[in-house]
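The structure appears right after this line, and notes come after that.
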């Protein structure tokens, strides 16, 4: 063909193919803040993976230290602050003067003697309880480090699966509403309006109160109340894209409605969904913390950031601050990292906005 | 040309953009040009030539981020270097001595202020006149740019005006302070051809009346031929040729300029193939091919017979009421096998709606479209399915019609997969490679994504996608309008080759009369949803039988016409 030689502004033939995702990845790598945030988030994900597979912090329930053992690096101050409590223990404890009966006077003295001879068999191995741990211990002497790691895992898993389910619900409903419009859109918008007319927190508490406590119900409750933002976003995007020429072209070559919706349009808004997912992740983690703090969250046998924070007010009254500190560090680190990563993702995947 | 005062001179202007991957892109590679006072200079180039960057550099509107102007560059305006002028002083020059109008009048005007406010603002800032006086002057200016009823229009908001009227308002703002230099960046590209003619005449008159200089930036050599004193041709950030208009049009020495002049379809003859830039870069001289004869013959088989097609749109009027808008009214035509029917019309004429309705992307209100005797508009979706692969469409914008998340390979194999062409994935891949080869793209681009191609290459991919279904009718909806002139010629040649090879029938929809003349056997002129005239292409252009057609044809930019110039005829 005569005009096969193309104009010279055609680098396409020389460079290796690059998808929009890989271009976005290149841009993200250039964003230093975003890239550091990404590594922090990845580190958190590794932690929860290890916790989930019981390789890390599976023994968070063991009482390894004395109650309220202070952090090792703050032992001096902490002892001074908690002296009053220890003194009270000593007074009411085993060190007081005990007046006993002589063996002759004791009606069960012989039995006790006999039992003492066997005592060796039943004796529990006296565990040596640490009087200080790296991040201290809680009321039952459980290690704060392990407890917070286990809590991180619970809170993040609730956040991740809640956000996934929420994005899934929002995307499906939004896709149908935006793509088909008319009656479908009207119906779904009414549904949406009813949902959003109830205050968020009220809806959340109502669901939580009805469904009872537990990990799975928490995920359900959070995603059922948080799909609305994704719905609105996806609906608008589908309305915009359905009249685009590439979708009309797909219609012209005979692609079905579902194919146009999920094979053609959906990949084109997938980057928005990723951003939406990370936004939701942060807000759902916060909601989980609030719910668990109020006692509507995870069951008593599980631990999460919220349930730890639930113990904190009472502890602070007595001056035990380390459990609060540990949770605050983890939570702010994660939330800040995810938020910064979200911003970086938006810039990297949708560069026209900048 | 006699030695005149130089108003603006650019010396060794180099501009580079920093790319996000750390590289640099040289947009201007040392430009030297002079704009004499009281004259019109046309800066012509295709996309990526750096013509707009030049104008932005003059206005100092290039952003500081990611843009580097070489320290040795100079832009002298009346002897003062604009690049080194303090910003406060530059601001005084902008809008007063140097003004600018842009391509899109709708997005250049602020939608929340009235037209009068926006003209008065310029006057109040630069001339220091009071509000009442500024409004009075605004009315005079609107009168000067030829807006009817200026007293009423001065209170109108931009959306209440048509595109041409909006551009007139932009011009009024630009000339409000009697500038010395007016930069017009593609001012007529977004406008219909009849409006384009009016705006060009207005600009030419204003230039003479105010004695200002106009720097006219455009991609279309044809537009500037009528009134430019000097022509500068740019390509890839370099000036290829500059000189008086007569010299550039009649005796161009640069091969690129020659190609630009030759590759635009002409109204007076129709070569077998259009010239492309490569023809002029070869050592041997370019020999124009023989002309091609066109027109329906008596024994042509009619493949598509459209009878009384009507399409209505609902326009919301008030809260609950809907008004019916008739986009296409009673349109009938016949498309012959292996021939091309051109549909021309201005925006709003309903030409695109006709194409989309035949693809069943719009619903017809009445009428039939008989494809081999079967009415494809009356069928249900299932019955239409086999016809879908026989009638295909190429859209206008190659940047929008390819799914950006698909590779070329999946774009080309998808239609085959949907219609069960090819036994398995390997076979379809092989067919896709053949198609790419057919449209002139190398097979190794199979795994690339659309954004990695230029506009012309993307349009080739879109054509290949249509060919995948081996259609009999191809609807080209403004398929070459978004492309540069030289690329346009390549794609038109490709379409012609494909028609010759596969005996395809084309429905070629365009607003560009010269392109339609070149490719069509028969031409149908549409206006406001109705067919105005339909006849063989040569007949209609030689002897238009209708007033509207005549007006349309007389608005086509004639390019450089030495005879008209010499005889002093109105152009």
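Protein chains in written order, with this note's numbering: chain A, 5 to 358; chain B, 110 to 680. Every residue, glycine too, gets a C-beta built ideally from N, C-alpha and C. Since we're looking at a predicted model, the values are computed, not measured.
Less than 9 Å divides the Cβ of residue 117 of chain B from the Cβ of residue 186 of chain B. No Cβ of chain B is located within less than 9 Å of the beta carbon of residue 140 of chain A.
For residue 453 of chain B, the closest of B/632, B/175, B/292, B/267 by C-alpha to C-alpha distance is B/632. Excluding its 5 nearest sequence neighbours in each direction, residue 137 of chain B has C-beta neighbours in its own chain below 7 Å: 122, 123, 124, 159, 162, 163, 346, listed in chain order. The distance from the Cβ of residue 238 of chain A to that of residue 178 of chain A is about 3 Å, consistent with a contact at the 8 Å cut-off.
For residue 506 of chain B, the nearest CB of chain A lies under 9 Å from its own CB, placing it at the interface with that chain. Close CB contacts of residue 562 of chain B within its chain, under the 6 Å cut and outside five residues either way in sequence, are absent. Residue 327 of chain B places its beta carbon less than 9 Å from that of residue 298 of chain B. Note on residue 104 of chain A: under 16 other CB atoms within 10 angstroms of its CB, so exposed under the neighbour-count rule. Exposure of residue 215 of chain B is indicated by the presence of fewer than 16 other C-beta atoms within 10 angstroms of its C-beta. About 6 Å separates the CB atoms of residue 647 of chain B and residue 404 of chain B; that is less than 8 Å, so the two are in contact. In the DSSP annotation of this structure, the continuous segment of the beta strand (DSSP E) that includes residue 421 of chain B starts and ends at 411 to 425. Residue range 614 to 619 is occupied by the beta strand (DSSP E) that includes residue 619 of chain B. Annotation: residue 237 of chain A is outside any beta strand (DSSP E); the continuous alpha helix (DSSP H) that includes it extends over 219 to 246. Counted as a single uninterrupted DSSP element, the stretch harbouring residue 253 of chain B is not any beta strand (DSSP E) but the alpha helix (DSSP H) occupying residues 240 to 253. In this structure, residue 524 of chain B lies away from residue 558 of chain B, with their beta-carbon atoms at least 9 Å apart.
Scanning chain A for C-beta atoms nearer than 8 Å to the C-beta of residue 524 of chain B yields 257, 258, reported in chain order.
The Cβ atoms of residue 227 of chain A and residue 154 of chain A lie no closer than 9 Å to each other.
Interface flag for residue 241 of chain A against chain B is unset, since no Cβ pair is found closer than 9 Å.
About 14 Å separates the Cβ atoms of residue 611 of chain B and residue 585 of chain B, ruling out a contact at the 8 Å cut-off.
A residue is called buried when at least 16 other Cβ atoms come within 10 angstroms of its Cβ; residue 388 of chain B meets this threshold and is buried.
The beta-carbon separation of residue 349 of chain A and residue 284 of chain A, rounded to 13 Å, does not stay under the 8 Å limit for a contact. Contact annotation: residue 373 of chain B and residue 400 of chain B have beta-carbon atoms that are not nearer than 9 Å. For residue 286 of chain B, DSSP assigns no beta-bridge partner whatsoever. The alpha helix (DSSP H) runs of length 4 or more contained entirely in the segment 178 to 213 of chain A are, from start to end of the chain, 186 to 201.
Bounds of the alpha helix (DSSP H) holding residue 307 of chain B are 302 to 319.
If you draw a straight line from the Cα of residue 181 of chain B to the Cα of residue 334 of chain A, it comes to about 55 Å. Counting only the Cα atoms, residue 492 of chain B lies some 43 Å from residue 28 of chain A. For residue 598 of chain B, there is no enclosing beta strand (DSSP E); the residue is part of the alpha helix (DSSP H) that begins and ends at 594 to 611. Listed along the chain, the chain B residues whose CB falls inside 7 Å of the CB of residue 268 of chain A are 512. The C-beta of residue 24 of chain A comes closer than 9 Å to at least one C-beta of chain B. C-alpha of residue 318 of chain B to C-alpha of residue 289 of chain B: approximately 12 Å in a straight line. The beta carbon of residue 465 of chain B lies closer than 8 Å to those of 471, 502, 586 in the same chain, with the five residues before and after it left out. With a 10 Å radius around the Cβ and a threshold of 16 neighbouring Cβ atoms, residue 125 of chain A comes out exposed. About 16 Å separates the Cβ atoms of residue 444 of chain B and residue 619 of chain B, ruling out a contact at the 8 Å cut-off.
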